[in-house]
Every structure is written in C-alpha cells, then in structure tokens.
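Novice: Handing you a structure now.
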Amino acid sequence: MRRTHRGLTVVALLLGMFLAAMEMTVVSTAMPSVVGELGGLALYAWAFAAYMLTATVSVPIYGKLADLKGRKVVMLFGLALFVASSIACGMARSMEALVAARALQGLGAGAIQPVTLTIAGDLFEPEERARIQGVFGAVWGLAGLVGPLLGGAIVHLASWRWVFWLNVPFGLGSALVLALVYHERPERHAHRLDVAGAALLSIAVVSALLAVRSPATGLLALPLGAVALAAFLAVERRAPEPLLPLDLFRDRVIAVSSAANALLGAAMLGMVTFVPLWVQSVLGGTPTQAGSAIAPMAVGWPICSALSGRLLPRTGYRALVRAGMGLTAVAAGALALLLRPGVPLLVPQALAFAYGAGMGLASTPLVIAVQASVPWNRRGVATATTMFFRTIGGTLSVGVLGGVLAHALASGGADGALVSRLLGPERASIDAGVLAPLAGALQGAMGRIFAAVAVIAGAAFAVGLRFPRLALAARTPERAGAPPAPDRP
1 MRRTHRGLTV
11 VALLLGMFLA
21 AMEMTVVSTA
31 MPSVVGELGG
41 LALYAWAFAA
51 YMLTATVSVP
61 IYGKLADLKG
71 RKVVMLFGLA
81 LFVASSIACG
91 MARSMEALVA
101 ARALQGLGAG
111 AIQPVTLTIA
121 GDLFEPEERA
131 RIQGVFGAVW
141 GLAGLVGPLL
151 GGAIVHLASW
161 RWVFWLNVPF
171 GLGSALVLAL
181 VYHERPERHA
191 HRLDVAGAAL
201 LSIAVVSALL
211 AVRSPATGLL
221 ALPLGAVALA
231 AFLAVERRAP
241 EPLLPLDLFR
251 DRVIAVSSAA
261 NALLGAAMLG
271 MVTFVPLWVQ
281 SVLGGTPTQA
291 GSAIAPMAVG
301 WPICSALSGR
311 LLPRTGYRAL
321 VRAGMGLTAV
331 AAGALALLLR
341 PGVPLLVPQA
351 LAFAYGAGMG
361 LASTPLVIAV
371 QASVPWNRRG
381 VATATTMFFR
391 TIGGTLSVGV
401 LGGVLAHALA
411 SGGADGALVS
421 RLLGPERASI
431 DAGVLAPLAG
441 ALQGAMGRIF
451 AAVAVIAGAA
461 FAVGLRFPRL
471 ALAARTPERA
481 GAPPAPDRP
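The sequence shown lines up with residues 1 to 489 when you count with full-length UniProt numbering.
Spelled out as structure tokens, the structure:
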C-alpha cells in the first residue's frame, strides 16, 4: 500500500476543520444582511439551529462509520456534502431554502470534526498526539477569532453569498489533497449505529423549536416532542452503543458538568447570534462592526483557558468553575442592562471579552473533572457527552430566542418586511419617521432576548455553585480495571 504523506495530510485536515469551525461565527455577522435581502426575520435563528442540530446528532454516527467503512471515505463524503450545501446556501432565494441548505451543511460538518481528529490520532504516535491536538485546538480558536471579522468584511466588500461560496475552493482543495496523499490501513471495527436515537433526539429538539413559533404549532409540537423525548430515553437505555450513555449521569460530577455545559452553550450562542443583529439593526452598524462586537470573545476564551489550566493545581476545580460562571453571568447581565441605542461599540466588545474569559475559566476545569471521574476506557465518551450537551443547549437557545424575537416584534406591531429592510442597504432610504419606531421595536425585542440570556447565564452560575468538592487526585484510574473511588459529597 502507498505511504501517506503525513505533512500534506495534516494541512488538508487543518483546512477542513478551519472551514467547519469558522462556519458558525462567519455566518453570524452575515445573517442580518441575509435577512435584509431575503426577508424572513422569523426564521433568522433557524439558520443557526438547523446547522447545529444536524452537526451535533450526526457526529457520533460519523465517528462509528469511520470505524466501519474507513476514515477516508467518510471524510471525503463530509467534505463533498459541506461544499455542495455551501453552494446551495449561496444560491438561496428564500430563508426557507437557506435553512434547508444549512441543515445539509451541518450534516457535512458533522463528519469533518470527529474524523479529522481520528485521522490525526492514526497518523501520530501517543507521545506526539498532545502536540498535534494542540495545533488543531489553536486552529479552532483562530477560526473563532477570524470568523466574525471575515464575515463582516466579505459582506461589506462583496455579498453575503460569498460567505458560503468561499468554502468551495478550500473544501475542494482539502478533499483533493486527502484523496491523493492519504492512504489508510484497511482496519475495521464493528459498531452498532444508534440511528433511532439520533432520529428521536432530532424530532424532540425540532419539536421544541417549533413550539415557540406560535400557539398553534405549540399545541402539536409540544406533545410530539414529549413523546419523542420519552422514546429517545427508552431507546438509549437499551441501545448497545447509545448516542447518550445514560449511566454516566449517576456520577454527580458528570451530571452537574453536563447541565452547566448546556447552559453555558445556551448563553454563548445567544450572545454570538444576536449581538451582531443588534449592532446592525439598532446601532445601524456595518457588518464589519457587527463582527468586531463579538470577536473579542475568541480572545478572552483561550487566554483564560490557559490561565485556568495553570491555576487549577492551586485552586482546585470548584473555585475556577464558580469564578468562570460568575464572570459569564455578570457579563450577560451587563449586556442586558447596557446594550441601548447610542452605546459605543466598545461596550459590547469589552463584554464579549469578559464573556469569553468566563467561558475559558470554567470550561477547562469542567472537562478535566469529567475526565478524572471515569475510567480510562470511558474518558472519550464522557468528554463527548458533556460537549454534546453544550451544543444541544446552544441549539435550543438559538431557536427559542429566535421565537422570542419573532413574537416580540409581532406583538409590538412591527411590520416584518420593513424590519428586514432595516437590515439591508435600503435602510438609508427609510423615512426617519418610520425608522425610529422600527429601531425601537427591535430594541425592545432584543432587550427581551438579552434579558433571557442573562437569566440563562445566571442559571449556569447557580448550577456551578452545586459543583461537588473534588480533589485533584480523586478518581483518576488509568485503565478500565481500576477500582472505583468512593462517592463524593
């Protein structure tokens, strides 16, 4: 079998991961302009939620398919689907078409992240893996920083459609290099795919998102979601390889960490999604300014994540978790109080940095505590489970807050078509007598959203206060056969 060119393979993997990681933040600054052209403000949040939902529920499926069918074929499929759906996103002529294309794009991204890390694990020896995983982590952080600014610049200089179309040459380049230089060993591992669990969870989440759109849909969606959730839990209890291993939640550290991650994800995505909309609609800022309003979060997060890792041996887990969640709650509360018409752009920028700093302080001890709470052979699934909750929390948050936005605008009598014009180039042509009430209606709606985000962040802090006392040396068995540690208070 031909030898794999390791260097070129890593470059191709980094490029693919960068595209998938950047997609959420680059789109967040483009979406107000999308609504300005296509209309459909009521579906604003669905463009985010659809992508996140399909990416989240498909990740474990793709991970197991990579063992069943091989890494290369799954990775190339994911890249092909991501590129094709990016083209479809850029060609969308309605918000409904864009949401559908974003759901397909999420299915492509769901393959890229886990298979990229799996291939990296195959290519490098154990002593080299920490270094290369650090490189992938740095690329993920860089994508979070560059995405908002790049999205704003593309919209300002060209069109929002190029935010999606620029994925095409880079995605094709990554796929071509992998096809030519990556040659995997023909090893296969048997797995059982939890397709039923993924489908039922998707139905439950989509039903929850539909329930907030209107009372009529809520009457149908809520019972359907409840039935789907109950069926999902029943399936997971019996599944040989469940999407969500329910037995993990008997451990208090994992249960509290999962709840905290869900609320942190909800607070984070609420901020990333709606602050750019506020900057463009209420402040009348440019897409570039909207991107700069949230970019500092991607600076504060890695700085304080690294700081948290250094402080952990001295402070322990609980102090850092509480400090990080407390800082995030304060930043979210300040967003709700201070984001008013006429506020300098420096205010959301400073609060975004504080937001990221709090997330960074809390996320590192949460992950390490979870990994220390399970045997070696369950660390992967335990870590993935808590990250799963962060993404699901963000998905539900964005969808529900989008429903709050639509309901607030409708109850305030704001005309949807006029509000969409407020976000596009036609803003300058709107009469001042019409513009002021529209901006006021949006400010009122956004105020409700930021208040809800503050409540979510406060709930995360309350959960953080329940984080158990855990010594750094507690429960760190290195292999599956290690005896369990005694329960913690």
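Yeah, the Cβ is synthetic: ideal placement off N, Cα and C, and Gly gets one too.
For a test of the three-state rule: what should DSSP assign to residue 358, helix, strand or coil?
Specialist: The answer is helix: DSSP assigns residue 358 an H, G or I state.
Novice: Work out the CA separation of residue 268 and residue 350 for me, nearest whole Å.
Specialist: Going from the Cα of residue 350 to the Cα of residue 268 covers about 15 Å.
Novice: Pop quiz: residue 182 and residue 72 are said to be a contact at Cβ under 8 Å. What is the actual Cβ separation, rounded to whole angstroms?
Specialist: Indeed they touch by this definition, with Cβ atoms about 6 Å apart.
Novice: Which residue from 192, 68, 157 and 262 puts its Cα closest to that of residue 56?
Specialist: For residue 56, the nearest C-alpha among the options comes from 262.
Novice: Ordered along the chain, which non-local residues of its own chain (more than five positions away) have a Cβ less than 6 Å from that of residue 151?
Specialist: Cβ neighbours of residue 151 beyond the five flanking positions: 26, 29, 30, 163 and 291.
Novice: Between the beta-carbon of residue 112 and the beta-carbon of residue 198, is there less than 8 Å?
Specialist: Not a contact, by the Cβ cut-off of 8 Å.
Novice: Hey, how far is the Cα of residue 93 from the Cα of residue 101?
Specialist: Approximately 11 Å between the Cα atoms of the pair.
Novice: Taking the straight line between their C-alpha atoms, what separation do you get for residue 278 and residue 179?
Specialist: Approximately 43 Å, taken between the alpha carbons.
Novice: In the DSSP assignment, find the unbroken alpha helix (DSSP H) run with residue 288 in it and report its ends.
Specialist: First-last of the alpha helix (DSSP H) with residue 288: 287 to 294.
Novice: For residue 375, which option in 87, 248, 12 and 299 has the closest C-alpha, if you only look at C-alpha atoms?
Specialist: Of 87, 248, 12 and 299, the residue nearest in Cα terms is 248.
Novice: Anyone know if the C-beta pair for residue 457 and residue 364 falls short of 8 Å?
Specialist: Contact: no.
Novice: Are the Cβ atoms of residue 325 and residue 461 separated by less than 8 Å?
Specialist: Going by C-beta atoms, residue 325 is nearer than 8 Å to residue 461.
Novice: Let me know if residue 135 comes out buried or exposed under the rule of 16 or more other beta-carbons within 10 Å of its beta-carbon.
Specialist: Residue 135 comes out exposed.
Novice: Taking only three categories from DSSP, how would you classify residue 46?
Specialist: If DSSP states are grouped into helix, strand and coil, residue 46 belongs with the helices.
Novice: Would you verify that the beta carbon of residue 70 is, or is not, closer than 8 Å to some beta carbon of chain C?
Specialist: Note that chain C does not occur in the displayed structure, where there is just one protein chain.
Novice: Taking all protein chains shown into account, do 16 or more other C-beta atoms lie within 10 angstroms of the C-beta of residue 411, making it buried, or fewer, making it exposed?
Specialist: Per the 10 Å Cβ criterion, exposed.
Novice: Run through the stretch 190 to 262 for me and flag every whole alpha helix (DSSP H) of 4 or more residues, listed as ranges in chain order.
Specialist: Listed in chain order, they are 195 to 211 and 215 to 238.
Novice: Whole angstroms are fine: how far does the CA of residue 120 sit from the CA of residue 331?
Specialist: The alpha-carbon atoms of residue 331 and residue 120 are separated by roughly 37 Å.
Novice: Please name the residue, chosen from 32, 306 and 257, that lies closest to residue 322 on a Cα-to-Cα basis.
Specialist: The residue with the shortest Cα to Cα distance from residue 322 is 257.
Novice: Which runs of the beta strand (DSSP E), 3 residues or longer, sit entirely within the stretch 112 to 171?
Specialist: With a minimum length of 3 residues, no continuous beta strand (DSSP E) run stays inside the stretch 112 to 171.
Novice: Would you check if there are 3 or more beta carbon pairs closer than 8 Å linking the stretch 342 to 349 to the stretch 387 to 405?
Specialist: No, they do not touch.
Novice: According to DSSP, is residue 96 part of a helix, a strand, or is it coil?
Specialist: If DSSP states are grouped into helix, strand and coil, residue 96 belongs with the helices.
Novice: I'd like the span of the alpha helix (DSSP H) that includes residue 25, first residue to last.
Specialist: Segment 6 to 38, the alpha helix (DSSP H) holding residue 25.
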